[in-house]
Structures are given as structure tokens and as C-alpha cells.
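Comments concern the structure below.
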Amino acid sequence: MDTVIDAHNISKVYNPETIPVYAVNNVHLHLKKGEFTALVGPSGSGKTTLLNLIGGLDKPDEGNILINGIDITKLSANDLIDFRLHNIGFVFQSFNLIPVLTAKENVEFIMQLQRINKKQRDERIKQLFKEIDLEDKLNERPSKLSGGQQQRVAVARALASKPKFILADEPTANLDSKSASNLLDIMDKLNREENITFLFSTHDQRVIDRARRVITLVDGRIVSDTAEVSTKHEDADMKH
Amino acid sequence: MRSMVIILSIAVGLFAGIAVLALYKGMMKSRVRTLIYAEAGHLQIHDSNFKKDYDPRYVIINGSKIIKEIASAPGVLLAAPRSITQGMLATTTGSAGVQINGVIPELEYAVSQLKRKIVEGAKFNSAKKNEVLIGKKLADKMKLKLRSKLVLTFTDSSGTIVSGAFRVAGIFQSDNAPLDEKNVYVDIKDLNALLSISYAFHEIVILLDRDEDVSSIQDNLRRRYPGLLIESWREISPETDLLVKTTNQYSYIIMIIIMIALAFGIINTMLMAIIERTREIGMMLALGINRLRLFTLILLETIFLTLAGTPIGILAAWLIINYYNKKGLNLSGLGEEMMSSFGFGMIIYPEFPIDKLAGVLIIVIATAIISCLFPALRALMLQPVVALRR
Ligand SMILES: Nc1ncnc2c1ncn2[C@@H]1O[C@H](COP(=O)(O)OP(=O)(O)OP(=O)(O)O)[C@@H](O)[C@H]1O
Ligand SMILES: [Mg+2]
């Protein structure tokens, strides 16, 4: 399988002069196309920081991050903005949508930035809203949508740019359990049917249970990774 | 809500700017109007030596013939003669230096509105001799009343000192207090007899049909009467000309002050807008909107709001100015004394400064754009990671 994310030995230190906080400490992370991975860990363990580094929103103090073979730590600020636009989809915990735009316009906006023509945009919007099951809310403003519906629109927007993978920082944190499981259903379906790669952080055990790979962070270090366990199993199997 | 604040502040700024210009334009126009129709006329003719020291010897040679020619020339409304001398007005209690104007009453009433300015007493009574009209300011200063007697003393055309006793027939008051204090009017026959200049005179005041003809008719007259001094109101009252010009500049300075206030308003509102939208902007930056595009977006928003506010401001200004242009705006609240000492009337008719509209528009829009640059730049400095964590 293709490698999408290949992070080597990355570290991020806050306040290096005063009381240094190793928000991310010497992390190696390898993600393949089509993975459905949860990033878990106690509050302050560095989940957001790690996602920001991988998403190119922040620069690591050490290490390299290769996305589809391109080292994003070496890109200029402007190139990085462009890289994000074309390669990475984001879903944030809250406040994902632009309040003055309708649901449709929020999704269309990202494609306009990519200079995709009107006809293609319309087709894609139709298809995306079908996937998130919100075809009837196309022209509603975010304030008229429930939290769960807003997050589904955010997933549609993240998908609109046809990114290499989608990063979601606690996408269900502000949702009730029904909306949360609904959102997970959609993400799960997209992953299974269209092989979309997801990396999401969460505190919620029910969400963790749906992940096919779980990476646990504590104090900025990876303390467990189910993929490694399974790889070891595979290794073990091979020996038999 | 915030958009309304910006739209309204643009509208108010524009309105204030236009209103100030309209008021100035109205004041200047009325000052020039007063100068032309109540004081100096469009053009004045003197002997070229007369104005040096107002020596009564220097009458206009062939005056009666010239005044007839001018009065019938095309574009000329009327031409009135004046005999003029500088002299001393004395009463039993004191004296004051004055300019004595000998006028043909009926012509003078038409050329400088003298009759209309009379506030006490009456116009000249043709049956009586040695009547004088004096200004209110002078009457108050010299404690003169109607029917009071006074003595005017001056040198005649041969340099001999002469004096005559006059009786106050009327007291006039114009919009120009300094002039009221310095000028007295007598019948030209009475003055000419004392000056011994028979039917001659020193000044021809000309009113034209149209203001625009001043310089062309002035040129014609200069060609026709090369020996005479022919001046337009601008030359007769250079201070008024200067006033009109400096007021033009002042009005721009006031505009700029208003615009600075407007700019602070916009900067404030836009900064608030950006602080409120920090997360939104951070999110857009994270998604990959480039900074130039974001900057353009914020700029466009301000321009859009400015353009929305502009017609409101112009329309409001137009309506209110037109209302007062018809009704007149009473500025006596500013102090009658002050206004008349500058030669301004109490009622101003503000006029929509259509000629300056483009300039005002450019200033307002430029102000709006410049004042949103700073907030826009601040938005560009936002780091998405920091903005999103808020
Ligand atoms: N801008 C910053 N300056 C200083 N310290 C920071 C900054 N951002 C994060 N940290 C610190 O880095 C560490 C990791 O924070 P991070 O937000 O990545 O954790 P998290 O796992 O996402 O936590 P949570 O579950 O609460 O979202 C924490 O100790 C936090 O206090
Ligand atoms: Mg976090």
C-alpha cells in the first residue's frame, strides 16, 4: 500500500527558554493510504500539536514530515499554504464553517480556491451532499444546522479538495452520542467505499472502538500503536 | 450590525464633508453677492489718479458722456455715478473720519440697495437740501439720532477746506458693519456744490446682467477708455477674493479632519471585526486560502460597505442642503456681531458643492480603504495554529 504520511523523529518544544514543554517528543509515524486511525491520549498529551505538525499548520523543531514523498518541513510559508489546499483536508473540533456562507457555499469555497470550474464544482457538491446525507440542507446557513450536521458539512468540505488524507481534531467532541455515531458512520463508509484516509484524535471510547488503528500518546510520546501490534502478529504468523 | 456601523459612519462622514462644503459655498456666494449687489458693483471706473489719495480734483473727464455710453452698452444692467471725498464728520460731542458719497438717490437705491438697508427714518426727500444717510454703527458711535445735525468737513477740488451742515434723514444697516461705520451718503447735488465740481463725479459703479461677463466687459471698457482705471470686484475688494480662495482651502482642511475621525471609526470597527472573526480567519488560513486573497477579501468588504454608505450620505446631504438652500439657514446663533463684522449675512443659503463632489468621494473612499489596511494587515499576521486554539 502507498505511504501517505511518513513522520521521522519529530519534536515540538514550547517555551524552550523558560520551562520547556515537550508537546511532541521524538515521534515516528507511518500512515498508509486507506487507513482509519484514531489518535488518543490524555488531555495535554500532544494530539492537537501532532495533528498540526502533520497538517503543515505548524513546524516541528526537529525531524521531517514526508507527505506523499514531499518534505513539508522544507516548504516556504506560501508553498505550504498551497500544499495544504491541495493535499490535506481538515475537520476541526468546532467552528468549522464560515457563518455568512451557506452549507453549499462553504464546500464550494474550497474548490473555488483550487480554481475548479463551476460545472465540476456543482457535480462534486451534489455527490458530496449525497454522501453526507444533507441534500436538503444545501442552502442553509451553518446557524440553521445542528452541530452534527455542521460537522458532516465540514467533512464534505474537507473531501471537496480531493486531499490525500483528512485530519480531524476531536471532530465529535461537541456532539451528542447519536450525532457522533452518525458522523462516524459517514467517515467509516467513506473510508471503506472510497478508500479515504482518516487520522482523527478523540477522547471518546465509542469513537475509539470504531477505529481500525489506534495510536496512543502520553506526554508527547507514542506509547502504543495497534498497527505495530498487528504487524508483529503478521511477523509472528509468517514465522509459522 | 457591524456592517451597519461602517455604512453609517461612511454616510455620516460624507454628509458632514458635503455639508461643510455646502455651507462654505453658500457663505462665499452670499458674500460675493453682497459685495457685488450691495457694495461695489461688478465693475468700477475711476480717474487713474483718483484712488491714490482720493483727491477730489480727479473727476472722471467726460463723465456724463461715458456713463451714458456704458449704461446703454450690451450686458450692462445699470451704471451709477458717485462723487466721493474723504472728510471729517463732527457733532457737538465728537468727530470721526468718514468717506462721503454723493449719490443720485434713485440710481443708488438700485445699485447698492441703499433704500432697502434703511432701518430708521426714510430715504432722501428730494424737496429737502443737505440730508445725510449714515450707518447704524456710526450713529451708535457718534450718538446720532434721526434729525440730528452734523457737520461734514473736507477739502474741495481746489484744496480749500469747506464744510456743510447736514441733517440725518435715515440710518441704514448692511451686512457689512465696517463699511457702515465709514460711509455716509448725501445727495450728489449738495456734495458737488461744496466740492465745486458742478456736474462731474469720481466713480461709476456698474452692475451687469450676468456675473460671467465681468472680465470680458472689463476688457472691452479698458480698450475703449484707456485713460481710466477700470476694476472688477475682485480688484476692488481683494480681501473678498482672498477670502473665497482661502475658504476653499480651509474647507479641504476641515474635510481632512472629518476624514481622520472617520478613519478612526473604521479602523476600530474593522479591528473588532477581525478580532471577533479570529477563528474564522484562522480556519480559512488553515484550509489554504492564501494571504493575498484574504487581504483582498477584507479590502473588498470595506469597499463594498463604503460604496453602500456613499449614496446614503450623498442623498441625505443633497436633501438637507436643498431644503436649506430654499429656506435659508439662520446662523444668527453664531453671533450677529461676528458675522456682520466679516461681511456675512445672517441667513446662509447652503449650496450643494457639485463641483467638489468627485473630490469628496475620492477622499472618502481613499480614507475607507487606507483605514482598513491596518486591520487587514493584522489579519494577515494571524497564525492559524494560534487563531484556532482560541
Ligand atoms: N502555544 C503553546 N504554548 C505553550 N504550550 C503549549 C502551546 N500549545 C500547546 N501547548 C502545550 O503542549 C502540550 C500539548 O498540547 P496539545 O494541545 O497538543 O494537547 P492535546 O492532546 O491536544 O490536549 P487536549 O486533549 O486537551 O486537546 C500541552 O501541555 C499544552 O499545554
Ligand atoms: Mg487538542
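Chains as they are written, first to last, in our numbering: chain A, 65 to 304; chain B, 539 to 928. Every residue gets a Cβ at the ideal spot worked out from N, C-alpha and C, and that includes glycine.
Item, Value
"Please go through the same chain and pick out, in chain order, the residues whose beta-carbon is closer than 6 Å to the beta-carbon of R148/A, but skip the five residues on each side of it.", "G120"
"Hey, how far is the Cα of K194/A from the Cα of V217/A?", "11 Å"
"Please determine if the region 744-753 of chain B and the region 716-725 of chain B are in contact, where contact requires at least 3 C-beta pairs separated by less than 8 Å.", "no"
"Considering Cα atoms alone, identify which of A925/B, L838/B, G826/B and I901/B is closest to A141/A.", "G826/B"
"Would L103/A pass as a contact of F264/A if the rule is Cβ separation under 9 Å?", "yes"
"Please name the residue or residues paired with H94/A in a DSSP beta bridge.", "D70/A"
"Going by Cα to Cα distance, which pick from Q178/A, N246/A and N160/A is closest to L198/A?", "N246/A"
"Going by other Cβ atoms of all chains shown within 10 Å of its Cβ, with 16 needed for buried, is M919/B buried or exposed?", "exposed"
"Helix, strand or coil for G110/A per DSSP?", "coil"
"Does the region 646-662 of chain B come within contact of the region 604-618 of chain B, defined as at least 3 CB pairs closer than 8 Å?", "yes"
"Beta carbon of I774/B, beta carbon of Q582/B: below 9 Å?", "yes"
"Looking at G551/B: is its Cβ nearer than 9 Å to the Cβ of M808/B?", "no"
"If you run the structure through DSSP and keep just helix, strand and coil, what is H304/A?", "Residue placement at H304/A is flagged as unreliable, the pLDDT there being 47, under the threshold of 50; a coordinate-derived value is accordingly withheld."
"For the region 791-813 of chain B, list every residue whose C-beta sits within 9 Å of some C-beta in chain A, in sequence order.", "none"
"Pick from A824/B, T691/B, V898/B and L732/B: whose alpha carbon is nearest that of T629/B?", "T691/B"
"Taking one C-beta from the region 725-736 of chain B and one from the region 696-704 of chain B each time, how about it: are there three or more such pairs within less than 8 Å?", "yes"
"Under 9 Å between the Cβ atoms of V641/B and Q711/B?", "no"
"Please list, in chain order, all residues of the same chain as R772/B whose beta carbon is under 6 Å from its beta carbon, the five residues on each side excluded.", "D779"
"Measure the Cβ-Cβ separation of G765/B and S610/B and say whether it is below 9 Å.", "no"
"Does the beta carbon of R927/B fall short of 8 Å from some heavy atom of ligand 1?", "yes"
"Can you grab the Cα-Cα spacing for the pair I131/A / S225/A, in whole Å?", "16 Å"
"Since I622/B and H740/B should fall inside the 8 Å C-beta cutoff, what is the C-beta to C-beta distance between them, to a whole number of angstroms?", "5 Å"
"Using three-state DSSP, classify S140/A as helix, strand or coil.", "coil"
"With respect to 8 Å, is the separation between the Cβ of T261/A and the closest non-hydrogen atom of ligand 2 below this value?", "no"
"Could you tell me if the beta carbon of A167/A falls within a distance shorter than 8 Å of some heavy atom in ligand 1?", "no"
"Compare the C-beta of M542/B against all C-beta atoms of chain A and say whether one is closer than 9 Å.", "no"
"DSSP puts L198/A in a beta bridge; with which residues?", "In the DSSP output, where bridge partners are listed per residue, L198/A has none listed."
"State the Cα-Cα distance for the pair I152/A and D893/B, rounded to the nearest angstrom.", "56 Å"
"Apart from the five residues on each side of it in sequence, which residues of its chain come closer than 6 Å, Cβ to Cβ, to N89/A?", "S75, G284 and R285"
"How many Å lie between Q157/A and E234/A at the Cα?", "5 Å"
"According to DSSP, P619/B sits in a beta bridge with which residue or residues?", "I742/B"
"Under a Cβ-count criterion, where at least 16 other Cβ atoms within 10 Å of its own Cβ denotes burial, should P84/A be classed as buried or exposed?", "exposed"
"Three or more C-beta pairs under 8 Å: does that hold for the region 196-216 of chain A against the region 163-183 of chain A?", "yes"
"Going along chain A in order, which residues have a C-beta closer than 8 Å to the C-beta of L561/B?", "Ordered by position in chain A, no residue passes the 8 Å Cβ test against L561/B, which lies about 40 Å from the chain."
"Roughly how many whole angstroms lie between the Cα atoms of E889/B and V752/B?", "22 Å"
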